[in-house]
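Numbering (our numbering), first residue to last: 873 to 981. Using N, Cα and C, we set each Cβ at its ideal position, and we do this for glycine too. In this text, all values refer to a predicted model and were calculated from it rather than measured experimentally.
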């Protein structure tokens, strides 16, 4: 998704380079965008999970004798979330480096 977004904004990136933005700045912008997408997705997922867990807790206990703990953010789940963020930052380097290279090669036409 991020790579497709960069393809759509090639001209915008070229304009930023033309006005003097260094290539590392473009890489940083893309990394921040990927980080914002990841963090907003994680927050949304946690909120939806908390809401659905609280709504279905009694039903699952009555029907299936399945008791779910309300504490979703354990130390293990937080470490998983941090690994997801680290993976997102690492994978964000792929489109970031592609934009970095294109910014060096592309001209405004």
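Practice problem: Look up residue 910 in the DSSP assignment and say whether it is helix, strand or coil. | Solution: The residue you call residue 910 lines up with position 38 of the chain shown. It is helical.
Self-check item: Option nearest residue 923 by Cα separation, candidates 944, 950, 955, 879
Solution: Your numbering for residue 923 matches position 51 in the chain shown. Nearest option by C-alpha distance: 944.
Self-check item: Under 8 Å between C-beta atoms of residue 910 and residue 956
Solution: Start at 1 with the first residue of the chain shown, and residue 910 comes out as number 38. Start at 1 with the first residue of the chain shown, and residue 956 comes out as number 84. Cβ atoms of residue 910 and residue 956: closer than 8 Å.
Quiz item: Taking contact to mean at least 3 C-beta pairs separated by less than 8 Å, is the region 929-941 in contact with the region 875-890?
Solution: The answer is no - the region 875-890 does not touch the region 929-941, with fewer than three Cβ pairs under 8 Å.
Quiz item: So, are the CB atoms of residue 899 and residue 971 less than 8 Å apart?
Solution: As a working note, residue 899 is residue 27 in the chain shown. As a working note, residue 971 is residue 99 in the chain shown. For residue 899 and residue 971, yes; Cβs fall inside 8 Å.
Quiz item: Buried or exposed: residue 940, going by 16 or more other Cβ atoms within 10 Å of its Cβ?
Solution: Sequence index remark: in the chain shown, residue 940 carries index 68 (1-based). Exposed: under 16 other Cβ atoms inside 10 Å.
Quiz prompt | For residue 939, the three-state DSSP class (helix, strand or coil) | solution = For the purposes of this step, residue 939 is taken as the residue at position 67 of the chain shown. Residue 939: coil per DSSP, three-state reduction.
Quiz item: Is the Cβ-Cβ distance between residue 960 and residue 892 less than 8 Å?
Solution: Your numbering for residue 960 matches position 88 in the chain shown. Your numbering for residue 892 matches position 20 in the chain shown. No, they are not a contact pair.
Exercise. Return yes when the Cβ of residue 884 is within less than 8 Å of the Cβ of residue 968, no when it is not.
Key: Counting from one through the chain shown, the residue named residue 968 turns up at place 96. Counting from one through the chain shown, the residue named residue 884 turns up at place 12. In this structure, residue 884 does not lie closer than 8 Å to residue 968 by Cβ.
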